[in-house]
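The number in UniProt numbering is simply the position in the sequence shown, starting from 1, with 220 added.
Every residue gets a Cβ at the ideal spot worked out from N, C-alpha and C, and that includes glycine.
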Amino acid sequence: ESKRRGRGCVTLFNESMRQDRKQRRFIERELRAAILLDELDLHYQPLVDLHGTVMGVEALVRWRHPLRGTIMPGEFIPVAEQSLLIDRLGEWVLRRACRDAASLPGRFVSLNLSGAQLKRDAVVETVRHVLAETGCAPERFTFEITETVAVSATPAVLARIVALRALGLRIALDDFGTGHMGLSALRTLPVDGIKIDRSYIQAMGTDEVASILVSALGAIGRARGVPVVAEGIETDAHLAMAKVAGCSLFQGYRIGRPAPLRVPLARSA
Ligand code: C2E
Ligand code: MG
Ligand code: MG
Ligand code: MG
């Protein structure tokens, strides 16, 4: 697992550590300090249109641990989500992204919003406050919410999603296909984009039903006038099939890997 993540990345906190209460407390303390000490970092991954033009980026958080190197979000986001730490982390991410947005002219910036953050009433006010404080246009930002979170949204969570949109932010469904949302929910759900999970994109070559589902989502996106993102584009074949299926934005290692802001965004697709 850690090998796949590339050089310089380590597996620090595995599943059993996360389950252990004492260990979790330890990670929480370390992470709390990391936020205060600015040891977090945002990497950006490009999203390109049919012509390969970079239309936007997704911000992905990394933890630059002074002793252990880069720790990936899969290892600490789940821990942060079990405490109020995810609110601090989410606020840090938004503030940093607002600052970075100046270096990304004309591009939208996508941020991942945790379901845990949406459980708090304060989330809308925090977002409004950070945007006002940094002078960032809300229209440039998209919050990605996983399909799983959207499908289990309580009326209060839905109201917060609506309130965030009212601020001018966009909402996109992330990892679509991994939850259990009926397609009919896409008729009415207040979303501005659909990101199809990479498992569907990568299955298209061998699984005809996956291709049909991606095409259907492409058609639904066109009908609703919202972009449909193909995630996990790793090969030319993935890209070609996602285009045929009618996706409008493309994201994945073949297009560009998540990288610090100073690295150029994408090689031409
Ligand atoms: P996600 O939002 O679905 O982000 C996409 C993940 O897929 C990223 O992993 C990205 O590096 C990876 N990816 C991109 N292209 C490819 C590809 O072609 N092939 C493969 N195999 N993977 C690809 P990463 O950065 O490890 O992030 C994992 C998850 O952690 C994210 O999934 C998101 O749910 C969460 N996350 C990341 N940053 C934040 C954050 O700031 N806040 C919150 N709440 N969650 C975050
Ligand atoms: Mg995402
Ligand atoms: Mg995703
Ligand atoms: Mg994901």
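Identify whether residue i lies in helix, strand or coil by the three-state DSSP scheme.
i	result
tyrosine 420	helix
arginine 327	coil
alanine 392	strand
leucine 469	strand
alanine 322	helix
lysine 223	Residue confidence for lysine 223 is low, a pLDDT of 39 falling below 50, so the modelled location carries little weight; the figure read from the coordinates is stated next. Correct three-state label for lysine 223: coil.
alanine 254	helix
alanine 479	strand
threonine 408	helix
residue 176	Because the chain here runs from 221 to 489, residue 176 falls outside it and cannot be looked at.
glycine 335	coil
alanine 489	Its pLDDT being 42, under 50, alanine 489 is placed unreliably by the model, and the measurement read from it follows with that caveat. The answer is coil: DSSP assigns alanine 489 none of H, G, I, E or B.
Beta carbon of residue i, beta carbon of residue j: below 8 Å?
i	j	result
arginine 327	glycine 276	yes
valine 299	arginine 244	yes
arginine 390	threonine 366	no
glycine 476	proline 325	no
leucine 409	alanine 383	no
valine 483	serine 468	no
valine 446	glycine 413	yes
histidine 458	glycine 438	no
isoleucine 291	serine 334	no
aspartate 240	proline 480	no
isoleucine 421	glycine 452	yes
glycine 399	threonine 374	no
isoleucine 381	phenylalanine 396	no
methionine 424	valine 411	no
glycine 364	serine 330	The amino acid occupying residue 364 in the given sequence is glutamate; glycine does not appear at that position. Yes.
proline 478	histidine 285	no
valine 350	arginine 315	yes
alanine 443	alanine 462	no
valine 347	leucine 406	no
leucine 485	valine 313	no
serine 303	glutamate 250	no
Could you tell me whether the Cβ of residue i comes closer than 8 Å to any Cβ of chain D?
i	result
leucine 485	The chain inventory of the structure shown lacks chain D, comprising one protein chain alone.
Determine the extent of the alpha helix (DSSP H) in which residue i is found, giving its start and end residues.
i	result
proline 293	293-301
Tell me which residue opens and which closes the beta strand (DSSP E) that residue i is part of.
i	result
arginine 284	274-285
leucine 262	260-268
Does ligand 6 have a heavy atom nearer than 7 Å to the CB of residue i?
i	result
glutamate 364	Absent from the structure shown: ligand 6. Ligands present: ligand 1, ligand 2, ligand 3 and ligand 4.
### Task
Would you mind listing the alpha helix (DSSP H) stretches within the region 418-466 that are 4+ residues and don't spill past its ends, in chain order?
418-423, 428-444, 456-464
### Query
Should the region 354-361 be called in touch with the region 316-325, which here means at least 3 C-beta pairs below 8 Å?
yes
### Task
Would you mind listing the beta strand (DSSP E) stretches within the region 348-382 that are 3+ residues and don't spill past its ends, in chain order?
361-366
### Query
Given 8 Å as the limit, is there contact between the region 340-351 and the region 417-431, that is, 3 or more CB pairs closer than that?
no
### Query
Is there contact here, the region 299-316 with the region 249-257, by at least three beta-carbon pairs under 8 Å?
yes
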